[in-house]
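No gaps in the numbering here: position 25 of the sequence shown is 580 in my numbering, and each next residue is one more. In this text, a Cβ means the ideal position worked out from N, Cα and C, and glycines have one as well. Structure first, then comments.
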Amino acid sequence: LFPFPALFRSDRVLVMYAGQIVEEAPCTDLFESPLHPYTEGLLKSIPRLEAGKKPLYTIEGNVPNAMDLPSGCRFHPRCSFAFDLCREKVPKLMSVNEHRKVRCFLRGSQPEEVEA
């Protein structure tokens with residue numbers, strides 16, 4: 556885990572995507588077992604010496620335009636696990652346990668309440 560400066564300077568990590576926190580966790584927990592698909596993709600894309608000259612992992616698609624965000628979960632256009640609810644509703648940032656939070660319907664998030 557030495558390539559992660561955050562591990563040496565903080566106890567917790569917050570991962571953001573398109574202006575929203577998608578995961579919050581103690582550093583070690585997040586790097587050992589990410590819960591949000593975006594966090595997982597970020598960690599897979601880190602260059603590794605043992606990979607040799609293999610191409611780096613990339614998350615498919617593009618980051619959304621801040622002036623034209625997708626409906627529902629902001630990550631759903633790039634997520635290989637997305638289903639209808641992800642496209643229709645915004646997931647709440649929910650506690651998974653006393654130390655971790657995630658914004659993902661796959662992990663039990665509920666839709667945010669939207670005022671009319």
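Helix, strand or coil for residue i per DSSP?
{"i": "Pro-666", "result": "strand"}
{"i": "Lys-543", "result": "The question about residue 543 has no answer, for the chain in this structure spans 556 to 671."}
{"i": "Arg-615", "result": "Sequence check: residue 615 is Glu here, not Arg. Glu-615: coil per DSSP, three-state reduction."}
{"i": "Pro-632", "result": "helix"}
{"i": "Leu-569", "result": "strand"}
Would you say residue i touches the ligand ADP, meaning its beta carbon is less than 6 Å from a heavy atom?
{"i": "His-631", "result": "The ligand ADP is not among the ligands present in this structure, which contains no ligands whatsoever."}
Among residues of its own chain, excluding the 5 on either side of residue i, which ones have a beta-carbon nearer than 6 Å to its beta-carbon?
{"i": "Val-657", "result": "Glu-578, Leu-590, His-591, Val-651"}
Among residues of its own chain, excluding the 5 on either side of residue i, which ones have a beta-carbon nearer than 8 Å to its beta-carbon?
{"i": "Ser-665", "result": "Going by the sequence as given, residue 665 is Gln instead of Ser. Excluding residues within five positions, the ones whose Cβ falls inside 8 Å are Pro-646, Lys-647, Met-649."}
{"i": "Thr-594", "result": "Val-570, Val-577, Glu-578, Leu-585"}
{"i": "Tyr-612", "result": "Gly-596, Lys-599, Ser-600"}
Distance check for residue j and residue i, CA to CA, integer angstroms please.
{"i": "Cys-628", "j": "Tyr-572", "result": "10 Å"}
{"i": "Lys-608", "j": "His-631", "result": "30 Å"}
{"i": "Gly-596", "j": "Arg-603", "result": "14 Å"}
{"i": "Ala-637", "j": "Leu-624", "result": "16 Å"}
{"i": "Glu-605", "j": "Glu-668", "result": "46 Å"}
The alpha helix (DSSP H) spanning residue i covers which residue range?
{"i": "Pro-592", "result": "592 to 599"}
{"i": "Glu-579", "result": "Segment 575 to 581 is the beta strand (DSSP E) holding Glu-579; no alpha helix (DSSP H) there."}
{"i": "Leu-640", "result": "639 to 643"}
Note down, in chain order, each residue of its chain lying with its Cβ closer than 7 Å to the Cβ of residue i, except the 5 sequence neighbours on either side.
{"i": "Val-568", "result": "Ala-561, Ala-580, Cys-582, Leu-585"}
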